[in-house]
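Protein chains in written order, with my numbering: chain A, 1 to 189; chain B, 1001 to 1189; chain C, 2001 to 2380; chain D, 3001 to 3380; chain E, 4001 to 4270; chain F, 5001 to 5270; chain G, 6001 to 6072; chain H, 7001 to 7072.
No residue lacks a Cβ here, since even glycine has one placed at the ideal position from N, Cα and C.
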Amino acid sequence: MAFRYEVRLSGSGGQGLILVGKVLAEAAAIYDGLNATQSQSYGPEARGGASRSEVIISDGDIDYPKAENIDILLALTQEACDKYIVDLKEGGVLLIDSQMVTKIPEGNFQVVAIPIIQSAVERLGKFLVSNIIALGIITKLSGIVSEDSVKHAIRSRVPKGTEEINITAFYTGIELAQKWLDQNGPLNT
Amino acid sequence: MAFRYEVRLSGSGGQGLILVGKVLAEAAAIYDGLNATQSQSYGPEARGGASRSEVIISDGDIDYPKAENIDILLALTQEACDKYIVDLKEGGVLLIDSQMVTKIPEGNFQVVAIPIIQSAVERLGKFLVSNIIALGIITKLSGIVSEDSVKHAIRSRVPKGTEEINITAFYTGIELAQKWLDQNGPLNT
Amino acid sequence: METPNPNVKMWQGNVACAEAALAAGCRFFAGYPITPSTEIAEVLSRRLPMVGGNFIQMEDEIAAMGATIGASLGGAKAMTATSGPGFSLKQENIGFAVMAEVPCVIVNVQRGGPSTGLPTHAAQGEVMQSRWGTHGDHPIIVLSPCSVRETYDMTVRAFNLAEKYRTPVILLSDELVGHLTEKVEVPPIEQLGIVNRKKPLVSPDKYLPYELNESDIPAMANFGDGYRYHVTGLAHDETGFPTNNPEKIQVQLERLNRKIDRYRDDIVEIETHYTEDADILVISFGSTARSARRAVINAREKGIKAGLLRLKTIWPFPDREIEEISAPVRKIIVAEMNLGQIAHEVEWATRRSKPVVRVNKINGEPITPNEIFNAIIAQD
Amino acid sequence: METPNPNVKMWQGNVACAEAALAAGCRFFAGYPITPSTEIAEVLSRRLPMVGGNFIQMEDEIAAMGATIGASLGGAKAMTATSGPGFSLKQENIGFAVMAEVPCVIVNVQRGGPSTGLPTHAAQGEVMQSRWGTHGDHPIIVLSPCSVRETYDMTVRAFNLAEKYRTPVILLSDELVGHLTEKVEVPPIEQLGIVNRKKPLVSPDKYLPYELNESDIPAMANFGDGYRYHVTGLAHDETGFPTNNPEKIQVQLERLNRKIDRYRDDIVEIETHYTEDADILVISFGSTARSARRAVINAREKGIKAGLLRLKTIWPFPDREIEEISAPVRKIIVAEMNLGQIAHEVEWATRRSKPVVRVNKINGEPITPNEIFNAIIAQD
Amino acid sequence: MDYLQYLRLDKMPHIWCDGCGHGIILKSILRSIDKLGWDKNDIAMVSGIGCSSRTPGYVDFNTLHTTHGRALAFATGLKIANPRLHVIVVSGDGDATAIGGNHFIHAARRNIDVTMIIYNNYIYGMTGGQVSPTTPSRKKASTAPYGNPDEPFDISRLAQAAGAAYVARSTVYHVGRTDKYIEQALTKTGFSVVEVLTPCPTSYGRRNKEGTAVDMMMAQKANSVGLERAKNMSEEELEGKIITGVFVDKDQKSYLTRYNEVVEQARNAK
Amino acid sequence: MDYLQYLRLDKMPHIWCDGCGHGIILKSILRSIDKLGWDKNDIAMVSGIGCSSRTPGYVDFNTLHTTHGRALAFATGLKIANPRLHVIVVSGDGDATAIGGNHFIHAARRNIDVTMIIYNNYIYGMTGGQVSPTTPSRKKASTAPYGNPDEPFDISRLAQAAGAAYVARSTVYHVGRTDKYIEQALTKTGFSVVEVLTPCPTSYGRRNKEGTAVDMMMAQKANSVGLERAKNMSEEELEGKIITGVFVDKDQKSYLTRYNEVVEQARNAK
Amino acid sequence: MKNISEITINEQWCKSCEICVSFCPKKVYEMGRFYPIAARPEDCIACKLCEKLCPDFAIIVTAPEKPDLNKK
Amino acid sequence: MKNISEITINEQWCKSCEICVSFCPKKVYEMGRFYPIAARPEDCIACKLCEKLCPDFAIIVTAPEKPDLNKK
Ligand SMILES: Cc1ncc(C[n+]2csc(CCOP(=O)(O)OP(=O)(O)O)c2C)c(N)n1
Ligand SMILES: Cc1ncc(C[n+]2csc(CCOP(=O)(O)OP(=O)(O)O)c2C)c(N)n1
Ligand code: SF4
Ligand code: SF4
Ligand code: SF4
Ligand code: SF4
């Protein structure tokens, strides 16, 4: 039977999580030959409030394109974490920004806490690339798409002129994930 | 069973036949205690072209308010006469302006031809009162409403300041009808 | 000649509508002229100032609908009137009135459609549009008068229902009724059973403009009454403020729809003639029902067991009444000046279990009693 | 990593719609921004000039609809796109396009209603409005895509049907499909079967723009082609000029409606899954059909004989298909993000002869496969 | 000149009332077109709904009778899709400035390459004399039985403020001037407007006791003041006067020119 | 002054972006109201749809968030039905002059007793940066990727031509002036309009490389020219400048006054 | 060679508004019972004002081949 | 008696737009890591421009009871 892998990216509006979702989906679908969908849900209004972006990756048809049984959930804010944890599957991965999300919800899942935003500011001097760092981490942790594919997808989707910093951010994410794995051992997937 | 008396007033838009219909209906309904409806149909457009106004008078309920089986048809123009004669009942009365309607359609009905418009212009100096002259004629010929009632109804419906000339026109109509009857003998009704 | 009764009038349907609005307490009318509804505006432009009310001709129908809603929020019973093209334009703001639960009356004097169609001819083409014309799921009340007197009564009723259920109500008239002059005995005002909106009894800090209460109908404060609340067309919760919470939205939208559904028996009115023993049932409404009535009487005179069911309320649809009354009949005839909009619903109501014969006409001419009579006697 | 196929795109539904329009030959777009349809305008504002076409943002949706019709009469394949509130505003001019038989495509990316409702959330509340939103009796074609690829295909088909039948066609998408990014293999242009309007073959003096011909579809000259004819929203005869003649009006309006009715088999498209032996039939459309498909597959995995009927064409309604396919089933489930608009029509189609279970949601959240699955397995 | 070659003879006589000035305006339009020698196939006439908006039905061009107030929207699409066409919009004051007011100011802002002739009779003629945005203050109308409480629009001023390239006002009495303005408008690139004051004896004159069409045209003659002369008159002197003349005539790029420029630029940048 | 007494604190912080000038305008409004000492119960604030149109949600008055572009229509009905209310309409440039343009000119013509504050950020903020009727020529927007081909409206000029009693323009940077104009507008009988230019860094500034909100406000400071000074400047000198000041301030009877007069007259005549 | 204007009045189209009668600078017309009559065609100076002002396309004035514009 | 302004910044509402920092004529503010800091309250002349310009209602300036407007 076809596999179905669900990623939910959550945070607040304007954090660039829709872009991350699109890049991830494009990497899977265009470069890795899988099927993928990306969808999002906005706050009460077009901007602000908790927001989420979801990617479903499968080698078969994807009917329902919303996450129900999440493999990996990224939460960049506490509000998003509290609101969107519900559909994380048993044993799934909760990836949080270790500084923004301080109250980790109860539940049967694996927690990966990394100072994503801080790394963006400190290592790249740009708050704005937090999203791509998160993408790197997810790529590494999930193993669902190849790094090369994601790299190509980043190049095709980010604004002209920002390719390099975003690629650097992506590898920063991969590195942070690797470090975490080195320190905490492999995830159960 | 309740009686149903149908009057159709036809001519061209702007000849004031809707007013005549309303006066006739009001005379019957308000002053003679009968039931009456008045309806109209416009040309392709709000103005111009053949137009008609219909009055149904009954001592019972009036359901369908359009004429189907006309007792008396007034036609002030040839076009109106040709177009609206269809529903005149066998033996009904066709009242025409003798100068405007020169081709009298074939059929089994009684024709009353009177120079209505000419009388208005010549006797009252006003083309515009032709309609009320016709009303007088119809009142007399049909006998369906009392002259007094129509007189009251005229007063209540015509524009302020025109009451007298309209009353005069009404009696002119009665007189013309009487003259016609005197010359041609009574109608079969 | 008899001494005339001062309460007996020879009124056009449109005049009766305007006069009834005044009697019902209407003190604001915003309109934009369109044939065949214009007389309503014309009469009210003269009459409203006489009673201290306000008439305004707006720049278009959209604005007229907006002003009507604004005036109602300001505390006035408010009305607007139009015909087909203008009715289409009003739809967005009608939806606002539904969503924000602002009582008001919208009159549509139907003419021939689609588009500019037949401006001076009668039609009944907006049965479905009056139900579904604005976007999104929503309930609506639609009444359809068949005579001038009924135009009077139903206009009053439209205001009463609007105030009672805090909702826009549509009076679906047509050119024939609107322009028909007929005798009306104007009922004394005490008989009209005037209803006014339920005002809040709580103090302003406790006021919930969209309260989920037992009646499903929240009390309504007027702007300026000291209750400072928020009104929006966005999905909102009990407080009236926008929300994105699916549960809160669902309960509000369900209440909005239920508010009309659960009171449908109070709202739905029908009239029957000779249906007790009928084996052919004619269903009609508005001006066409007059022809239907005559056709049925003619059929009875010929010994044919025909009956008439006239829909006075069009929406909520009298489906149960139709099902029940038509149960014993052999055939149903639906006469309407459209291509079968009511007939389709009648088929639904009767599970398409028996023939529904359509007598339709959309060329501007009324359906005659004979056309219906012929359908009654037709062998099928 | 594989070498990517340049024809494979990760597109949003709205982007696919815009790109498909270009492929179908659309060279004019007039719009007014509204969530969640705006991306269609945004993409076309960039792309149309590249192919020598024209994009214009008008002052409102009414003007956008008017400009679209004007452009089509000028010879361009033309489109406009909007969502709920804007769709309500366009209704008057949509009626004009129907009446004057001007081909064009109107996209409605549905969001939560009524009124301003839920601008960023999906709904399917305009099933009935897309059929009945404009005043007067009229026919209409409405297609509803469930995926990004199908948005592409159906947009092309919408243009083709519009040109073929000389009529406006509505593409009824929703926020979920419109904003979903999904893989699309763009078909080669030769496969699209592009249809262009039938031009008159007669000389200008013989041209009847609303000819009663054998096909019921009159040939259409563009303004400037040398045929100088008259276009109006008034009831008109074969020549296009207004008429008041009831016979002429009746034949024209009948042809107008028949033009769609008689070709309904060419227009109606459905898709079935596992219906051959199903005893529970799920009916759905648009984005909700994706959940329905999964629910049916899940049910099959549990050994439950469920099947799916997906409506690709919404109007003309696939009533015969529904009646036939549902004949053997025990129960029907209709899943839709509204309060049962399709369910009501399904009941009509099936004569309410078997249970029609409604799975409805109007709070902005999509209906999940599980909710439908639960309805499948529920004992009733 | 031969008017008849431009008319659809089978639709004549037209339906306008006796004395209605609409026919006089139509003739001015036809004379201007005749003078310019335009091919009938290259002319599109677009209208909304109203007595004035019946004009397209009578002329042998490509003619489009749209919905009330929306003619400019349709005309905008038509012109853009087929720039070869000379697109002329005819409109009543209600059609143009009540329900159609927004399209009017936006057409002016965009400077779309269309000429609009507004038949201003101060009233809604077709629907029987309701108050219009141009009905003078205190004048009566069927929906202003006590006199119009509002101040009217100055259409030409509005067009000017909104950005039109050419704006002129005349009356049917001043037929020579009207011809000249219409011809100038037709040859202007961008959005041009000619407002022509026209008597509606039926729905306006009668109710306001302004007499016959002849009386109303006499009043036009008596009350008109040319723009130049008006400049030296006080507000009081101008009370009740009709100011005629060319209010705007400026060279500015039209919508089509600008759109093409921007696109060209974008293409070259690629 | 204490702003908080006028806010619905449970709705704060508001949803506007960081640096969005809409909050600055709201503060000006509240200061003026505070100065006038109006009772909150007597104030109604009405809006259409847009970022600016969210304002009513935040203030503790009678508040009405209508449909896009239609605020003035609702406000007209509200004011007429309950003349005791101070009716304030807040609107974005798109809401006021695109879809709402007709209501705008008609409110001005009628001189309805309402004050309108237009938050002009040159763009459709809420829907993500589409071109607006006030977007300067050649500036980019999501639906004008090659630059806006059109000329923008001059809102104040339009309001003036349409007949408003009070018309002024300011910027959020010129907060003192804004306060003064809003106060004048609120106390004016008839239709008063204050247009306040406000930065939308998110949907306009970013795409047009105009920097942060601070940069955009600095530009307001640099480019504004007072009306008096502007009168002595050439067209070229005025290119790209923002003219601020009071364009109209005239005493003319308001809609309600005129309507009541006409009715009174009719009653006396009876 | 004709030396007076030829004035044709189309009575099918004329609506008797009397504009021609009123505005002809030379008072060429008189009102008949229903339609205007070109009573003094010899006075016509072929200015065509009547033609231009007739709202109903009912007047056609054909100038003399060599119009004598100085004629009183 | 206070003699310097009291400046309160509501960090819950502040969105860090830096308008206060940029437009204070006395350069009272400095940008902190996330929020502005009233670094030099003693320089404040209580003109309240920051309060007026803060779009987020995040600044309240309370003037000294007797503000010393001559202070450098
Ligand atoms: C949407 C809509 N609203 C109203 C009408 C009714 N209507 C037709 S013409 C008209 C006004 C005509 O006045 P004007 O434009 O001044 O032209 P006139 O008839 O005076 O030449 C109106 C209100 C309509 N056809 N459509
Ligand atoms: C009828 C309708 N059309 C379109 C929209 C979508 N819409 C919402 S706000 C808006 C424009 C907002 O721009 P503006 O009025 O300038 O205010 P801002 O957001 O910039 O403050 C649009 C187009 C809508 N809600 N309703
Ligand atoms: S009603 Fe007025 S505008 Fe219309 S045709 Fe008659 S005179 Fe002309
Ligand atoms: S998008 Fe622009 S207008 Fe809207 S809140 Fe953000 S900055 Fe303000
Ligand atoms: S052409 Fe001139 S002079 Fe001759 S009849 Fe006509 S108006 Fe009179
Ligand atoms: S102006 Fe207000 S929101 Fe902006 S940084 Fe200063 S305190 Fe924060």
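Please classify P2328(C): is it buried, with 16 or more other beta-carbons within 10 angstroms of its beta-carbon, or exposed? If you number the third sequence from 1, residue 2328(C) lands on position 328. Exposed is the call here.
Over what stretch of residues does the alpha helix (DSSP H) that includes E2345(C) continue unbroken? Numbered from 1 along the third sequence, position 345 holds the residue referred to as residue 2345(C). Here the alpha helix (DSSP H) through E2345(C) covers 2341-2349.
G4077(E) to E3126(D), Cα distance in whole Å? For the purposes of this step, residue 4077(E) is taken as residue 77 along the fifth sequence, with counting starting at 1. For the purposes of this step, residue 3126(D) is taken as residue 126 along the fourth sequence, with counting starting at 1. Rounded to the nearest angstrom, the two C-alpha atoms are 27 Å apart.
Identify whether E6011(G) lies in helix, strand or coil by the three-state DSSP scheme. Here residue 6011(G) corresponds to residue number 11 of the seventh sequence, with the count starting at 1. In this structure, E6011(G) counts as coil in the three-state DSSP scheme.
Could you say which of E2211(C), T2275(C), G2025(C) lies nearest to V2251(C) if we only look at CA atoms? On the third sequence, position 251 is the one that residue 2251(C) refers to. Checked all of E2211(C), T2275(C), G2025(C); the closest Cα to V2251(C) is E2211(C).
By the 10 Å Cβ neighbour count, where 16 or more other Cβ atoms means buried, how is R3258(D) classified, buried or exposed? As a position in the fourth sequence, residue 3258(D) is number 258, starting the count at 1. Exposed is the call here.
Are the beta-carbon atoms of F2029(C) and A2076(C) separated by less than 7 Å? Working through the third sequence from its first residue, we reach residue 2029(C) at position 29. Working through the third sequence from its first residue, we reach residue 2076(C) at position 76. No. Outside cutoff.
Which whole-angstrom value describes the C-beta separation of D205(A) and E6(A), a residue pair presumed to lie in contact below a C-beta threshold of 8 Å? With chain A covering only 1 through 189, there is no way to say anything about residue 205(A).
Can you tell me which residues fall inside 6 Å of ligand 3, judged by beta-carbon distance to its nearest heavy atom, and keep chain order? Chain-ordered list of matching residues: W4016(E), C4017(E), C4020(E), H4022(E), C4051(E), N4121(E), G4125(E), M4126(E), C4200(E), P4201(E), T4202(E), S4203(E).
Going by C-alpha distance, which of C5051(F), M5216(F), D5150(F) is nearest S5344(F)? Residue 5344(F) is absent from the structure shown; chain F starts at 5001 and stops at 5270.
Closest by CA to D3205(D), which one among M3220(D), K3183(D), V3195(D), R3228(D)? Working through the fourth sequence from its first residue, we reach residue 3205(D) at position 205. Comparing Cα-Cα distances from D3205(D) to each of M3220(D), K3183(D), V3195(D), R3228(D), the minimum goes to R3228(D).
Contacting positions in the region 2088-2102 of chain C - beta carbon closer than 8 Å to chain D: S2088, L2089, Q2091, E2092, G2095, F2096, V2098, M2099, A2100
For E4237(E), does the three-state DSSP call read helix, strand or coil? Stepping through the fifth sequence from its first residue, residue 4237(E) is reached at position 237. Helix at E4237(E).
Less than 7 Å separating the beta-carbons of A2162(C) and P2103(C)? Taking the third sequence and counting its residues from 1, one reaches residue 2162(C) at position 162. Taking the third sequence and counting its residues from 1, one reaches residue 2103(C) at position 103. Result yes, Cβ atoms of A2162(C) and P2103(C) sit closer than 7 Å.
Going by C-alpha to C-alpha distance, which of L4030(E), D4042(E), G4057(E), G4129(E) sits closest to E2039(C)? Taking the third sequence and counting its residues from 1, one reaches residue 2039(C) at position 39. Ranking the options by Cα distance to E2039(C), first place goes to G4129(E).
Using C-beta distances below 7 Å, list every residue in its chain close to R5070(F), excluding the 5 sequence neighbours before and after it, in chain order. To locate residue 5070(F), count along the sixth sequence from 1; it is residue 70. Excluding positions up to five away in sequence, the list reads G5048, G5100, H5103.
Near-chain D residues of the region 5085-5099 of chain F (beta-carbon distance less than 8 Å), N- to C-terminal order: A5098, I5099
Can you have a look at L74(A) and say buried or exposed, based on whether 16 or more other CB atoms are within 10 angstroms of its CB? Here residue 74(A) refers to the residue found at position 74 when the first sequence is read from its first residue. Buried, because 16 or more other Cβ atoms sit within 10 Å of the Cβ of L74(A).
Going by DSSP, what residue range makes up the beta strand (DSSP E) through C3104(D)? Walking along the fourth sequence from the start, residue 3104(D) turns up at place 104. Unbroken beta strand (DSSP E) run through C3104(D): 3104-3112.
Suppose only complete runs of 4+ residues qualify. What are the alpha helix (DSSP H) ranges in the region 5185-5266 of chain F, listed by chain order? 5213-5223, 5227-5231, 5235-5238
Apart from the five residues just before and just after E45(A), which ones in its own chain have a Cβ nearer than 7 Å to its Cβ? In the first sequence, the residue the question calls residue 45(A) occupies position 45. A caution first: E45(A) carries a pLDDT of 49, below 50, which makes its placement in the model unreliable, though a value can still be read off. Same-chain partners within the cutoff: there are none.
Given the structure, does I4118(E) come close to ligand 1, in the sense that its CB is under 6 Å from one of the ligand's heavy atoms? Locating residue 4118(E) in the fifth sequence gives position 118, counting from the first residue. Result no, Cβ not under 6 Å from ligand 1.
Quick one: measure Cβ to Cβ for L95(A) and V112(A), integer angstroms, because I've assumed they're closer than 8 Å. Along the first sequence, read from residue 1 onward, the residue named residue 95(A) stands at position 95. Along the first sequence, read from residue 1 onward, the residue named residue 112(A) stands at position 112. Correct: roughly 5 Å between the Cβ atoms.
Q99(A) by DSSP, collapsed to three states: which one? Counting from 1 along the first sequence, the entry for residue 99(A) is found at position 99. DSSP places Q99(A) in coil when its eight states are reduced to three.
At a CB distance below 8 Å, what residues from the region 5110-5140 of chain F approach chain H? Give them in sequence order. none
Three or more C-beta pairs closer than 8 Å, one from the region 2367-2376 of chain C and one from the region 2283-2296 of chain C: is that the case here? yes
Buried or exposed: I2379(C), going by 16 or more other Cβ atoms within 10 Å of its Cβ? Translated into positions along the third sequence, residue 2379(C) becomes position 379. According to the sequence as given, residue 2379(C) is Gln; it is not Ile. Exposed is the call here.
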